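Worksheet: the structure to be examined is printed underneath.
What follows is the structure in structure tokens.
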């Protein structure tokens, strides 16, 4: 009990230091990032792919303490992530996104502000040194538009933008085995069709070439949505080089579930795997016939 109190006092006293350091770094070394709304509008109006970098991808690059338990560090993965983040190749059909919180945290909840203030203070320069200073980055937090946002009134608008991106389109979802993205809700109630390729929930990058080749083989002018953690970050870029539009869409479905039930904190959702909560997530079998018919391939699972 005593040690816990000491740790809490230490955290309280250290926060002003992190806050000051964060503000100074952002002032001296500004990063240009489109905000959430602008990023979504560009995705809506332009046929571009997007790769998203968040704290987990940065941690894989050793900018922070590695904690992403569903993807081990692999040399090739790290090399590819570094290459994409630095924008060494000018690919007009591909967008690289990093957290807008590295630029501004006003839109976020107090807990999220604290997280990003401390994370930025510790890792800002490590991230900054890897960026292309001539490139304006996009917002990777376009998939996190509810639970960590202070102003929930914008959430419906953000989801309307998302739904407009795939309106009347054919969709190919490449996801972890238990993600079940967009199932049991109306997120995709306006699409023409859905097909799915299921991949391992853990260490999907070990199957990267197989997954990439499968997408190329089964692609038939669909919009490709990727739900595979850091593997999706790389896959979106490499598919764009093949002329395939791919969106690294991340946690959006879980955010939609929380939004629909007006959740005040991150909670487990039946039938779906999430690493976002602090509780054990036991994923039940999902035998929905429509979902099962959408699956065209299993890779590594």
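In our numbering, the protein residues as written are 315 to 615. Glycine is no exception: its CB is placed at the ideal position from the N, C-alpha and C atoms. Remember, predicted model here, so these are calculated numbers, not experimental data.
For the alpha helix (DSSP H) that contains residue 528, what are its first and last residues?
The residue you call residue 528 lines up with position 214 of the chain shown. Start and end: 522–532.
Identify whether residue 577 lies in helix, strand or coil by the three-state DSSP scheme.
In the chain shown, counting from the first residue as 1, residue 577 sits at position 263. If DSSP states are grouped into helix, strand and coil, residue 577 belongs with coil.
In three-state DSSP terms, what is residue 509?
Numbered from 1 along the chain shown, position 195 holds the residue referred to as residue 509. Strand at residue 509.
Can you check which of these residues, 575, 476, 490, is closest to residue 359 by C-alpha distance?
Here residue 359 is taken as the residue at index 45 of the chain shown, counted from 1. Residue 359 has its Cα closest to that of 476, out of 575, 476, 490.
Please state the DSSP three-state secondary structure of residue 367.
Residue numbering aside, residue 367 sits at position 53 when the chain shown is read from its first letter. Here residue 367 sits in coil by DSSP.
Once the 5 residues before and after residue 458 are set aside, which same chain residues still bring their CB inside 7 Å of it?
Reading the chain shown from its first residue, position 144 is the one you call residue 458. Excluding positions up to five away in sequence, the list reads 565, 569.
With three or more beta-carbon pairs closer than 8 Å as the criterion, would you say the stretch 356–371 touches the stretch 403–417?
yes
Could you tell me how far apart the beta carbons of residue 517 and residue 608 are, in whole angstroms, since I believe they sit closer than 8 Å?
For the purposes of this step, residue 517 is taken as the residue at position 203 of the chain shown. For the purposes of this step, residue 608 is taken as the residue at position 294 of the chain shown. Not quite, the Cβ-Cβ distance comes to about 24 Å (not below 8 Å), so this is no contact.
Alpha carbon to alpha carbon, how far is residue 554 from residue 480?
In the chain shown, the residue the question calls residue 554 occupies position 240. In the chain shown, the residue the question calls residue 480 occupies position 166. One C-alpha to the other measures close to 17 Å.
Limits of the beta strand (DSSP E) - the one that residue 587 falls within:
Position 273 of the chain shown, counted from the start, is the residue given in the question as residue 587. Counting along the chain, residue 587 falls outside any beta strand (DSSP E), and DSSP gives it neither H nor E.
Can you find the residues in the same chain that come closer than 8 Å, C-beta to C-beta, to residue 422, ignoring five residues on each side of it along the sequence?
Translated into positions along the chain shown, residue 422 becomes position 108. If we look at residue 422 and ignore the five residues flanking it on each side, its Cβ neighbours are 415, 430, 462, 463, 464.
State the DSSP-derived secondary structure class of residue 475, mapped to helix, strand or coil.
Numbered from its first residue, the chain shown carries residue 475 at position 161. Here residue 475 sits in helix by DSSP.
Could you give the distance in angstroms between the alpha-carbon of residue 502 and the alpha-carbon of residue 496?
One-based indexing of the chain shown puts residue 502 at position 188. One-based indexing of the chain shown puts residue 496 at position 182. Cα to Cα, residue 502 sits roughly 6 Å from residue 496.
To which residues does DSSP link residue 409 through a beta bridge?
By 1-based counting over the chain shown, the position of residue 409 is 95. The partner list for residue 409 (beta bridge, DSSP) reads 364.
Complete beta strand (DSSP E) runs within the stretch 429–459 (minimum length 3 residues, chain order):
none
What three-state label does DSSP hand residue 397 in the structure shown?
Along the chain shown, one-based indexing puts residue 397 at 83. Residue state, collapsed to three classes: helix.
Go ahead and pull the three-state DSSP assignment for residue 352.
Against the chain shown, residue 352 aligns to sequence position 38. Three-state DSSP puts residue 352 in a helix.
Between the C-alpha atoms of residue 505 and residue 484, what's the straight-line distance to the nearest angstrom?
Position 191 of the chain shown holds residue 505. Position 170 of the chain shown holds residue 484. Cα-Cα distance, rounded: 6 Å.
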